[in-house]
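The opening position of the sequence shown corresponds to residue 80 in my numbering, with each subsequent residue numbered one higher.
Glycine included, C-beta positions come from ideal geometry on N, C-alpha and C.
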Amino acid sequence: MFGGPVLVLNLNYEPLNICDVRRALVLLTLGKAELLENGRGEIRTPSTVFPIPSVIRLEYMVRRPFFQRRLSRREVFRRDRYTCQYCGRQTRELTLDHVIPRVRGGVHTWENVASACIPCNHRKAGLTPREVGMMLLRRPRAPRANPYSLFHNRGILDGWQKFIPWVAEGPTDIL
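What follows is the structure, encoded as structure tokens:
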């Protein structure tokens, strides 16, 4: 009852966070948020009835900087769509490849790391792609900041769809 997810929107209706019902009720009773969607019943106390919120909107604007995604194996594979950047083969058995090898002064940054299948990584070894005659499908770069990353690998409830721009037209699958 108190543990269900609640979508928290900023004053400008931008998705800001997902909290639990208890936190949402505190924000509502303190007057810091307004109820936009109630699709899950109500909570009764001896003196009051509280609707269980599904979507709330804050009464004030919260400025938050877009955070850059952390450089990790999983994030690099996700950026490259689990595709070897040399041969184009899609597989879950990938390795990280430094385009300019670290032994040659290459750094561990988004712009120097690419996904590679095991055969391509062995073929390239400690050389640059040009020296081996290999070409990258796409030049590696840092992923753009995404204000909707809080929905990554999370189910989107039916009541949230009209508040999330890309879901309004598309399917309701887990993103």
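- Taking the Cα positions, M140 is about 17 Å away from F242.
- DSSP, reduced to helix, strand and coil, places T162 within a strand of the structure shown.
- Burial state of S126 is exposed, judged by a 10 Å Cβ sphere holding fewer than 16 other Cβ atoms.
- In this structure, the beta-carbon distance from V134 to L115 falls below 8 Å.
- Under DSSP, L86 takes part in a beta bridge, and its partners are I97 and V134.
- The beta carbons of A193 and Q147 sit no closer together than 8 Å.
- Counting only runs of at least 3 residues, the segment 166-206 fully encloses the following beta strand (DSSP E) elements, listed from N- to C-terminal order: 173-177 and 192-196.
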